[in-house]
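For reference, the structure is listed below as structure tokens.
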Amino acid sequence: MMTSAVNHYFGSSIGRKHLVAITGLLLCGFLVSHLLGNLLLLVGPDAFNLYSYKLFALGGLLYVIEAGLALVFLVHMYLAVRLNIENMRSRGKYAMKKRTGRGTTLMSATMPYTGLVLLVFLILHLMNLKFGTVYTTVVDGTEMRDIYKTTMEYFANPVSVGWYVFAMFCAAFHTAHGFSSAFQSLGLNHGKYFGKIKIIGYLYAIVVGGGFAFVSVWAYMKGV
Amino acid sequence: MASTENMTLNLKIWRQKNATTEGKLVDYRVENVSPDMSFLEMIDVLNDQLVRKGEDPIAFDHDCREGICGMCSMAIDGKAHGGFKNTTTCQVHMRHYKNGDNIVVEPFRASAFPVIKDLTVDRSAMDKVMAAGGYVTANTGNAPDGNAMLIPKPIADEAMDAAACIGCGACVASCPNGSGMLFMSSKISQLALLPQGQPESPRRALNMVYTHDSLGFGNCSTHAECEATCPKGISIEHIARANREYMKAAFTYHEKKRSEGGA
């Protein structure tokens, strides 16, 4: 059972947890860059459209980055689903459902569900915005996609905003557990600093989840 | 809250004839329970009543009744060892309950722990994980000098914290994923910290994780419910250390095959 240690790594519980942790932290990083982009909505239509235009100006490189991001998403989701199915089997038919209140939190217990909401959200989000209605505008004499208009139109609908805020609440819940859990999975837990990692995780969840939700509500209040 | 007078309790206890039949919760009433009794003594009283009536007594695991052997595996009101902090079932005293309380008693639940009878489960999967860890090389002969091998006090303390594991299985039963990570990691951690365990360290990590995974234990998702129920208060820091040990071993350790010139 010793020979192919590295091969075994990618099939083992710990190896796969490492991959879930690494992809999860990469996605946390992506959310920060996405939120910073969204904040350009507050600056104005031109700033937001120029940002989008410059991203598309990367050309082939953008496709490589997008493919990489999609791969990170897929690995994270695939392994999380696989691990969850195994965990359900390991619990057995009569698994104990009561908790001491000193371990499992609402955040950790709802990881599969908040994850599922985020998957549905991701698909709808791409359909509604990235692949949504295409308008064009001219900034500084250059014709470009008016993604600002698409976004503001989308957020003019209170149902869209409600769903968006709910999904961001789930994202906050998911990362509140996921952030520090990723460090634990990667073996980075010590009494000296783990308390601080947990606090950073909670702050991350509040700032990022709250930030996205804030921008959507701001867009709704501002109107088209 | 704490009772000083004898109580009457209504129990629902899992009765299961053997590993192949379905079990069910059966109602029992126990009178004259002293608050000074331990939970196991309370079941002794009930079993005495059952035997006198000619009924089959409730099978449950127990041995030292001092909280150090790890035999008394049962879930009280849905929580391993009753969910009290740093407490095994044998150290749960009836003063925690009051007259007329309803208490549900079940075996430790996990796919890796099949029920043998009533409250007794087969925890030999843990023995298999332990055995997969293998041996530790040690010098034989005369007793070594006490200070020949220097181990810093904090490291020795941490190794002892992990070594406090009594293998009761509460971590597996309380884990929402039925994972044996806290048990496995405390065994890996205890030896990884000490010089005596170093030569076999990578092989131990690889074999124990491999065996843990193949026996139907689940994966860790850092709920830390194990840490909360562990009667020895073992921290999930040891799971993190096992994760590191395993990663290090998987990427750096290689045993040469015979064809490659190995033994």
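Read top to bottom, the protein sequences are chains A and B.
For what it's worth, the numbering used here labels the leading residue of the first sequence as 1, then goes sequentially.
For what it's worth, the numbering used here labels the leading residue of the second sequence as 225, then goes sequentially.
Beta carbons: idealized from backbone N, C-alpha and C, even for Gly.
Remember, it's a predicted structure, so these values are computed and weren't measured experimentally.
Item checked: When Leu270(B), Met471(B) and Ala429(B) are compared against Ala356(B), the one with the closest alpha-carbon -> Ala429(B)
Next item on the list: Spell out whether any CB of chain B is found under 9 Å from the CB atom of Tyr94(A).
Entry: So, interface residue.
Next item on the list: Find out if the Cβ-Cβ distance for the pair Ile237(B), Thr312(B) is shorter than 9 Å.
Entry: no
Item checked: Boundaries of the beta strand (DSSP E) in which Met221(A) is found, first to last residue -> Element bounds for Met221(A): not the beta strand (DSSP E) but the alpha helix (DSSP H), Phe194 to Lys222.
Notebook entry, point to check: At what residue ranges does the stretch 34-65 of chain A contain a whole run of the alpha helix (DSSP H), taking only runs of 4 or more?
Noted result: 45-56
Checklist line | Ordered list of alpha helix (DSSP H) runs contained in the stretch 420-450 of chain B, each at least 4 residues | finding: 425-438
Next item on the list: Let me know if Ala334(B) comes out buried or exposed under the rule of 16 or more other beta-carbons within 10 Å of its beta-carbon.
Entry: buried
Check: Going straight from the alpha carbon of Leu129(A) to that of Leu122(A), what length do you get?
Finding: 11 Å
Next item on the list: Pick out whichever of Ala349(B), Asp268(B) and Lys377(B) has its Cα sitting closest to the Cα of Asp437(B).
Entry: Ala349(B)
Item checked: Under 9 Å between C-beta atoms of Phe332(B) and Met298(B) -> yes
Check: Taking Cβ positions only, does Lys284(B) come closer than 9 Å to chain A?
Finding: The displayed chain sequence assigns Phe, not Lys, to residue 284(B). Chain A, which has no Cβ nearer than 9 Å to the Cβ of Phe284(B), makes this no.
Notebook entry, point to check: CA-CA distance, Tyr470(B) and Val72(A)?
Noted result: 23 Å
Notebook entry, point to check: Quick one: Cα of Asn467(B) to Cα of Gly141(A), how far?
Noted result: 56 Å
Check: Nearest to Ala176(A) by alpha carbon, out of Gly209(A), Met152(A) and Tyr164(A)?
Finding: Gly209(A)
Next item on the list: Assuming Thr150(A) contacts Thr137(A) (C-beta within less than 8 Å), just tell me the rounded distance between them.
Entry: In fact, because the Cβ distance is near 11 Å, the residues do not count as touching under 8 Å.
Checklist line | Cβ separation of Met261(B) and His317(B), assumed to be a contact under 8 Å, to the nearest whole Å | finding: Rounded to whole angstroms, the Cβ separation of Met261(B) and His317(B) is 7 Å, and the two are in contact under 8 Å.
Check: Would you call the CB atoms of Tyr148(A) and Leu39(A) closer than 9 Å?
Finding: no
Notebook entry, point to check: For Met127(A), does the three-state DSSP call read helix, strand or coil?
Noted result: helix
Item checked: Reduced DSSP category for Met1(A) - H, G, I as helix; E, B as strand; rest coil -> Note that Met1(A) scores a pLDDT of 45, beneath 50, so its modelled location is shaky; the value from the coordinates is reported in the next line. Met1(A) falls in the coil class under three-state DSSP.
Next item on the list: Leaving aside the five residues before and after Tyr51(A) along the sequence, list all residues of the same chain whose C-beta is less than 7 Å from its C-beta, in chain order.
Entry: Gly37 and Leu40
Note to self: By the three-class DSSP mapping on this structure, what secondary structure does Tyr252(B) have?
What the structure shows: In the three-state reduction of the DSSP assignment, Tyr252(B) falls in the strand class, which pools E and B.
Item checked: Residues that Glu424(B) contacts on chain A, provided the C-beta gap is smaller than 8 Å -> Under the 8 Å cutoff, chain A gives no residues; its nearest Cβ is about 12 Å from Glu424(B).
Next item on the list: Output, in sequence order along the chain, the residues in the stretch 437-466 of chain B whose CB is closer than 8 Å to any CB in chain A.
Entry: Asp437, Gly440, Phe441, Gly442, Asn443, Cys444, Ser445, Thr446, His447, Ala448, Glu449, Cys450, Glu451, Ala452, Thr453, Ser459, Ile460, Glu461, Ile463, Ala464, Arg465 and Ala466
Next item on the list: Please report the residue range of the alpha helix (DSSP H) in which Val353(B) lies.
Entry: Ser348 to Ala356
Note to self: For Lys222(A) and Pro45(A), what's the separation of their Cα atoms in angstroms?
What the structure shows: 13 Å
Next item on the list: Using alpha carbons as the reference points, say which of Arg89(A), His8(A) and Met111(A) lies closest to Gly24(A).
Entry: Met111(A)
Check: Which first and last residues belong to the beta strand (DSSP E) in which Lys481(B) is found?
Finding: From DSSP, Lys481(B) is part of no beta strand (DSSP E); its letter is neither H nor E.
Next item on the list: Hey, could you find the ends of the beta strand (DSSP E) Arg145(A) is sitting in?
Entry: Thr142 to Arg145
Notebook entry, point to check: Which class does Lys277(B) belong to by DSSP, given the choice of helix, strand or coil?
Noted result: coil
Margin query: Once DSSP output is grouped into helix, strand and coil, what is the label at Arg239(B)?
Written below: strand
Check: Between Glu265(B) and chain A, is there a C-beta pair that is closer than 9 Å?
Finding: Not one chain A Cβ lies under 9 Å of Glu265(B).
Margin query: Applying the 10 Å Cβ sphere with the 16-neighbour rule, what's the burial state of Glu246(B)?
Written below: exposed
Notebook entry, point to check: Are Asn310(B) and Pro400(B) touching if we call contact CB-CB under 9 Å?
Noted result: No, the pair does not count as a contact, with Cβ atoms beyond the cut-off.
Margin query: Any beta carbon from chain B within less than 9 Å of Tyr154(A)'s own beta carbon?
Written below: Judged by the 9 Å Cβ criterion, Tyr154(A) is not in contact with chain B.
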